[in-house]
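One structure is given below, encoded as structure tokens.
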Amino acid sequence: MTQPPASADDPLAFLRHGGEMGRLIAAYDWTTSPLGPIDGWPAALRHTVALMLPTRAEIVLFWGPDHVALYNDAYAPTIGDKHPRAMGRPAREGWAELWDDLGPLLEGVRTTGRTFAARDRPFYIERAGSGEEVYFDISYSAVPLASGEIGGVLCIVSETTQRVRAARAVAEDSQRLHRMFDQAPGFVAVLRQPGHVVEMANAAFRTLIGDRDVTGRAIAEVMPELEAQGFVERLDQVVATGSPYSGVDVPVRLIDPATGREDERRLDFIYQPIADATGAITAVFVQGNDQTERHRAETALAISRDSLELATEVGGIGTWDCDLTTGVFAGSARLWEMYDVPPPSRRTIGAFLRRVHPDDRAAVTAAFQAAIDPARRAIYDVEYRVDADLGAPRWIAVKGRGIFEGERCVRAIGTAIDITVRRREAEAMRESERRFRTLADGLPALVWTTDAHGAILFASQGFQLLFGIPPARVMAEGFTPLIRADVRDSARAFYASWFTDPRARSGDYKLTGIDGRERWMFSVVQPRFEQDVFVGYVGCAIDVTERHLAGAALEARVAERTAELTRQIAERERMEETLHQMQRLEAVGQLTSGVAHDFNNLLTVVLGNVEMLTRAAAAGPLDARSLERLAHVRTAAERGATLTAQLLAFSRRQRLQAKVVDLNETIGGLVPLMASTLGRSIAIETRLTRQLWPAMVDPTQIELILLNLAINARDAMPGGGTLTVASGNVTLGTPRRVEEPCSGDYVSVAVSDTGTGMSEAVLARAFEPFFTTKEVGKGSGLGLAQVYGFAKQSGGGVRIDTAEGQGTTVTVYLPRAQAGVRAVDAVDRGAHEGASIAGRAILVLDDEDAVRDITAGILREAGCRVVEAASGQAALEALAAEPGIDAVVADVAMPQMSGVEFAQRAAALRPALPVLFVTGYADLAAIAHVPEEEIVRKPFTRADLLARVRRMLEGGDAG
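This is the structure we're talking about:
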């Protein structure tokens with residue numbers, strides 16, 4: 002029934018039955034409110050207020066975009082001292098402390114028109130002078146205007162704070178009180194006689210009376226409000242007559258000791274006298290249930306049924322109501338949809354039961370009878386199947402309770418949820434676990450899972466197959482039976498560290514079988530999380546014993562080769578001792594370059610003479626011993642050339658073969674070699690940046706550098722540890738140390754160890770050639786110097802981050818390759834091998850007579866006409882005097898005028914004249930623009946020189 006709208010004669014007529022709030026609204030100055038005068042209110046607002054005010058349910062209406070508050074008498078106590086100042090004001094003012102929570106809810110209903118409903122919804126509210134978290138059953142519904150737009154939000158609420166708090170208290174104390182009050186579902190107290198002295202009270206009873214201190218005190222003393230309501234008199238009657246007393250839905254007014262406010266509760270209870278052997282009443286057992294929330298819920302249910310139906314429909318929840326007096330079973334449309342039948346208005350209990358699967362009917366009937374039994378009043382909570390007309394049965398979860406009048410249950414109400422999908426998912430999970438166990442048991446590997454504390458939950462048959470240890474023993478004892486006794490303590494500590502820092506891990510571990518045989522197992526474990534909570538690991542390990550044996554053999558071969566290299570550089574100890582005193586790397590580089598240049602000149606002479614003598618000896622008689630000695634000379638010279646190349650790398654004067662390189666691929670390809678080289682005690686991890694920039698670097702040299710750093714890291718971890726190789730894209734600013742690169746984009750590759758680290762003194766000398774902290778004979782001291790030289794020559798730099806006892810990270814920065822950059826191709830030394838250069842005129846320029854003589858001799862032997870010059874000026878004069886010269890072979894490093902300077906001046910005279918540069922080291926600044934095919938390095942062979950000259954001449958002819 003609706004309230005008529007305000008008449009033109011009396012715009013306040015709709016407030017006549019509105020109680021105290023109606024009078025307050027009528028008296029309020031609405032010109033100060035965003036709603037304006039009442040005679041300007043829309044009809045929908047007046048209708049809604051007229052319906053809301055006389056209602057006993059707690060209702061508040063928030064109207065308009067400002068959510069102006071209007072509420073009824075039942076709601077006013079809910080907001081405490083906010084009343085009446087909250088009336089007629091925007092909700093943001095009256096509910097400021099919870100507006101961040103309440104505002105979005107109201108705005109969501111107002112803008113979408115959809116109802117929002119929730120049970121025990123928490124809110125923080127300040128009322129009665131202090132803030133607290135309270136709980137409400139809420140239903141927020143939109144109130145439409147005549148135009149179809151949303152005018153406001155009607156909020157039907159019921160505070161459930163005491164119910165929620167009581168439930169929490171019961172949950173906390175339930176374990177302790179379970180044995181004592183297993184049969185007492187509600188509040189319990191024992192009153193000792195005479196005087197009704199509280200001997201014992203459970204948590205529910207204490208919560209009901211506001212947690213007053215009652216033990217050992219008379220009930221009338223502690224709760225005087227009960228005496229005024231006749232409850233103490235009823236206790237006296239029970240003691241006097243020996244007859245129990247029970248009450249159902251009895252109103253009891255209780256005083257809150259904290260606030261002094263009176264609160265009416267609805268209680269079902271019984272006073273049960275307890276007599277001794279003589280029949281004297283010694284105590285009264287009080288047991289009951291607080292039905293206040295049920296009473297309020299039933300009252301609110303009559304008002305909010307439509308909103309509740311909509312809310313449950315949105316949530317996929319069906320509702321049902323069974324009238325036990327008529328035998329009629331009613332339900333929502335959603336409920337009948339679950340039962341796969343058309344939604345009728347009424348159905349008998351028998352017809353409903355026939356839809357239940359035959360195997361579940363007995364359990365459903367028993368649970369329902371327990372719920373409607375006045376003596377038990379159990380919660381109706383059951384899951385059962387419903388026969389569908391088509392397809393497999395559906396699973397339904399039903400909850401409800403009986404509604405009693407006195408000792409008779411007249412109704413049962415509740416909800417139902419379709420849990421078919423959940424049931425199927427649970428069965429699928431069980432099937433997946435069965436398949437996992439079957440697959441794991443069929444693998445020739447170890448498979449296991451753990452909980453969050455390290456206990457083994459599952460172990461595969463691989464433990465029995467590989468080690469002879471039954472899976473049941475592994476689950477009972479963990480990995481202890483597989484670990485040697487002398488390392489078990491450290492192994493346990495290492496295993497325990499996994500669970501303080503859950504993350505993916507891998508590594509090689511040595512395990513021992515029941516027969517004492519040891520195997521190396523490569524293990525990978527992955528952490529498992531449920532809703533971001535770590536719940537344990539799943540792991541798998543395979544036998545890699547053969548790989549380790551092969552790695553040990555390779556390590557032995559590497560050791561042999563290292564020893565050989567040590568012997569080869571033993572002769573350089575005097576030079577090492579001298580260079581050890583130098584502090585500046587650039588000075589060392591210059592010195593090394595000069596030595597290499599002079600040494601290459603000597604080697605050129607040796608190799609050239611040996612080759613010419615060998616060819617001469619082939620034409621005439623020469624004994625075998627002489628030929629053998631000549632071969633030895635060649636071998637020695639070639640070894641010297643190799644040593645020279647190493648010196649050039651340290652001096653950063655070596656010409657690198659730079660190419661576009663994917664460092665992630667390079668690192669990935671090196672990991673197996675590192676694993677076999679570093680040994681079993683070193684775990685290797687990689688942290689590679691996705692979408693890594695390409696780097697411009699010599700691929701062979703970077704592999705050697707990474708292997709060099711890995712071996713250094715291994716030596717810093719004598720007791721084993723973890724080596725990490727990482728890549729990254731970095732943009733650097735101004736360098737802080739000389740070895741760091743200048744600002745710009747770089748591709749970084751970092752090698753980190755968990756070893757001993759470096760002191761400040763060691764770090765300051767780390768890049769000095771021949772400086773080492775290792776024992777004599779254990780290292781040359783050239784490793785980090787070579788890394789520094791390579792990085793600087795490549796256009797990058799290097800950085801060391803270290804601390805004593807915390808490990809070391811060496812980061813090499815390499816230039817980022819630009820779009821379109823291509824690697825330099827090596828010269829095809831075998832090209833044009835058969836082309837003849839006989840008759841061509843060649844100018845040979847070299848300040849070293851012996852080298853020039855060898856070069857000229859080779860060319861003359863090939864049929865060339867050779868003009869020799871010992872300086873750049875002499876060569877220019879010869880060029881001017883001999884216009885028929887076809888090409889020039891010029892040394893680069895010469896006093897007064899270098900070969901490059903000569904070439905520049907010669908180009909002014911003969912622009913198309915080809916020049917082949919001969920050098921003992923590559924002066925990058927001087928010949929950076931010179932193509933690789935126009936350079937020949939000392940010491941060179943006859944074939945190398947002739948091939949370069951042929952190629953150069955043919956290129957000039959083609960031009």
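Heads up: the sequence shown is residues 2 to 960, going by the numbering used here. Quick reminder that beta carbons are idealized off the backbone N, C-alpha and C, glycines included. These numbers were taken from a predicted model, which means no experiment stands behind them.
- Query: Alpha carbon to alpha carbon, what distance is there between Asp754 and Gln702?
  - Reply: 22 Å
(message) Within 10 Å of its beta-carbon, does Arg949 have 16 or more other beta-carbons around it, so buried, or fewer, so exposed?
(response) buried
Report the three-state DSSP secondary structure of Met339 (helix, strand or coil). helix
Taking DSSP's pairing of strands, which residues face Ile275 in a bridge?
Ala284
TODO: Kindly confirm or deny that the segment 9-24 and the segment 63-79 touch, where touching means at least three C-beta pairs closer than 8 Å.
DONE: yes
Quick test of the definition: if touching needs 3 or more C-beta pairs under 8 Å, does the segment 707-720 touch the segment 760-768? no
**Asked** Met445 to Glu434, Cα distance in whole Å?
**Response** First, the amino acid is wrong: residue 445 is Pro here, not Met. Distance between the alpha carbons of Pro445 and Glu434: 19 Å.
inquiry  = Can you tell me whether Val777 is buried or exposed? The criterion is at least 16 other CB atoms within 10 Å of its CB, across all chains shown.
reply    = For Val777, the predicted structure reports a pLDDT of 45, less than 50, and the residue's modelled location is therefore unreliable. A value from the coordinates is still provided. With fewer than 16 Cβ atoms within 10 Å of its Cβ, Val777 is classed as exposed.
Skipping 5 residues on each side, what residues in its chain have a beta carbon closer than 6 Å to that of Val1?
-> Not covered by the structure: residue 1. The range shown for the chain is 2 to 960.
message: Please identify the residue among Val893, His930 and Glu883 whose C-alpha is closest to the C-alpha of Leu910.
response: Glu883
Fill in: Ser333 (DSSP reduced to helix, strand or coil)
coil
According to DSSP, what are the bridge partners of Pro123?
Tyr136
*Ignore the nearest five residues each way along the sequence and tell me which others in Lys779's own chain have a CB closer than 6 Å to its CB.*
Interpretation of Lys779 is limited by its pLDDT of 46, a score under 50 that renders its predicted location unreliable; no figure is taken from the coordinates.
Applying the 10 Å Cβ sphere with the 16-neighbour rule, what's the burial state of His197? buried
Practice item. Would you tell me roughly how many angstroms separate the C-alpha atoms of Pro78 and Thr451, rounded to the nearest one? Key: 54 Å
Taking the straight line between their C-alpha atoms, what separation do you get for Ala857 and Val867? 6 Å
Exercise for review: Specify the secondary structure class of Ala58 as computed by DSSP and reduced to three states.
Suggested key: coil
Spatial distance of Ala45 from Ile414 (CA atoms)
33 Å
Rank Arg235, Ser507, Val662 and Thr216 by C-alpha distance to the C-alpha of Ala819 and give the top, closest one.
-> Contrary to the premise, residue 819 reads as Gln rather than Ala in this sequence. Of Arg235, Ser507, Val662 and Thr216, the residue nearest in Cα terms is Val662.
Could you spell out the range, first to last residue, of the alpha helix (DSSP H) harbouring Leu1? Since the first residue shown for the chain is 2 and the last is 960, residue 1 is missing from the structure and cannot be characterised.
query = Going by other Cβ atoms of all chains shown within 10 Å of its Cβ, with 16 needed for buried, is Gly152 buried or exposed?
reply = buried
Q) Candidates Arg90, Asp264 and Val287: which alpha carbon is nearest Arg193's? A) Val287
### Task
Evaluate contact between the segment 96-110 and the segment 229-238, counting only Cβ atoms and requiring at least three cross-stretch pairs below 8 Å.
no
Inter-residue Cα distance where the pair is Phe903 and Ile886: 15 Å
Check: Expressed to the nearest angstrom, what Euclidean distance is found between the alpha-carbon atoms of Ala891 and Ala659?
Finding: 25 Å
**Study point:** Residue from Leu483, Val387, Gln238 and Gly864 whose Cα sits closest to the Cα of Gly514
**Key:** Leu483
- For the 8 Å Cβ check, are there 3 or more pairs between the segment 369-380 and the segment 406-426? yes
Legend entry - Helix, strand or coil at Val50 [DSSP, three-state]: helix
Does DSSP classify Pro482 as helix, strand or coil? helix
- Query: How is Gly590 classed by DSSP in three states: helix, strand or coil?
  - Reply: Caution applies to Gly590, whose pLDDT of 49 falls short of 50 and renders its modelled position unreliable; the value that the coordinates give is listed next. Of the three classes helix, strand and coil, the one that applies to Gly590 here is helix, per DSSP.
task: Tell me, to the nearest whole angstrom, how far the beta carbon of Asp397 is from that of Tyr385; I am working on the premise that it is less than 8 Å.
output: One point to set straight first is that residue 397 is Ile, not Asp, in the sequence displayed. 6 Å between Cβ atoms; contact.
Open item on the list: Tell me the rounded alpha-carbon separation between Thr366 and Tyr381.
Closed with: 10 Å
* Would you mind listing the alpha helix (DSSP H) stretches within the segment 431-499 that are 4+ residues and don't spill past its ends, in chain order? => 463-468, 472-478 and 489-499
Closest residue to Gly508 among Gly722, Glu761, Gly670 and Arg115 (Cα-Cα distance): Gly722
Item checked: The beta strand (DSSP E) enclosing Thr755, as first and last residue numbers -> Careful: Thr755 lies outside any beta strand (DSSP E) and carries neither H nor E.
- Alpha carbon of Asp826 to alpha carbon of Glu934, nearest angstrom: At Asp826 the pLDDT is 40, less than 50, meaning the model places this residue with poor confidence and gives no usable figure here.
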